[in-house]
Amino acid sequence: MTEPNFDKCLYFTISKLNRIITKIAEEEFARIGLSPTYAFLLMLVNSRPGITPTELSEKLFVTPSTITRFLDKLEGKGLVHRRGEGKRICVQPTEQSLEIQEKLDTAWDGLCPRYFELFGEEMCRELSRVTKEAAEKAR
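Under my numbering, the sequence shown has 351 at position 33, and the numbering climbs by one with no breaks.
Here it is, written out as structure tokens:
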């Protein structure tokens with residue numbers, strides 16, 4: 319039997335790349351004690367106080383139940399709070415969350431230079447464009 323060539327499989331190649339770029343993002347956000355996904359969620363809440371869990375789910379492309387778990391964790395850390403406004407639940411940043419926004423921005427700003435160093439700026443921009451287009455097509 320011949321060995322399979324996984325490099326011809328979209329799932330395998332995307333997963334391989336994802337592990338590489340995730341490691342870089344985890345290193346950048348580890349400085350503030352957050353995973354990249356928690357940090358992205360927090361940046362959204364800080365920039366849009368009153369955002370709903372549904373909006374967060376759509377923007378981060380994760381299920382509503384996952385957003386609920388993430389919000390539970392961030393609420394436990396004192397970084398967000400939820401409040402009901404009629405039938406809507408709105409997510410608000412706390413003072414502590416707003417105080418770490420500069421650190422979030424620094425970690426965020428550290429991603430592109432590291433990716434550019436690894437892949438080159440042109441390839442990074444093209445990979446972002448193509449993967450965004452593919453994800454939108456798959457929705």
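Note that the Cβ used here is the ideal one computed from N, Cα and C, for glycine as well.
It should be emphasised that the depicted structure is a prediction, and the values quoted were computed from it without experimental measurement.
Residue i in three-state terms, based on DSSP
{"i": "PRO431", "result": "helix"}
{"i": "ILE369", "result": "strand"}
{"i": "ARG406", "result": "strand"}
{"i": "CYS442", "result": "helix"}
{"i": "VAL363", "result": "helix"}
{"i": "VAL380", "result": "coil"}
{"i": "SER375", "result": "helix"}
{"i": "THR355", "result": "helix"}
{"i": "GLU321", "result": "coil"}
{"i": "ARG447", "result": "helix"}
{"i": "ARG387", "result": "helix"}
Per DSSP, the bridge partner or partners of residue i
{"i": "PRO411", "result": "VAL398"}
{"i": "ARG337", "result": "Answer by DSSP bridge pairing: none, since ARG337 is not bridged."}
Cα-Cα separation, residue i to residue j
{"i": "ARG406", "j": "PHE388", "result": "18 Å"}
{"i": "SER446", "j": "CYS430", "result": "11 Å"}
{"i": "LEU335", "j": "ALA453", "result": "15 Å"}
{"i": "LYS421", "j": "GLU321", "result": "46 Å"}
{"i": "PRO367", "j": "SER415", "result": "11 Å"}
{"i": "LEU328", "j": "PHE347", "result": "28 Å"}
{"i": "GLU444", "j": "GLY404", "result": "43 Å"}
{"i": "ALA456", "j": "THR449", "result": "10 Å"}
{"i": "ARG401", "j": "LYS395", "result": "16 Å"}
Quick one: any contact between the stretch 374 to 382 and the stretch 325 to 343, if contact means 3 or more CB pairs under 8 Å? In short, these stretches do not touch, since the Cβ pair count stays below three.
Could you tell me whether the stretch 399 to 417 touches the stretch 352 to 369, where touching means 3 or more Cβ pairs closer than 8 Å? The stretch 399 to 417 vs the stretch 352 to 369: in contact.
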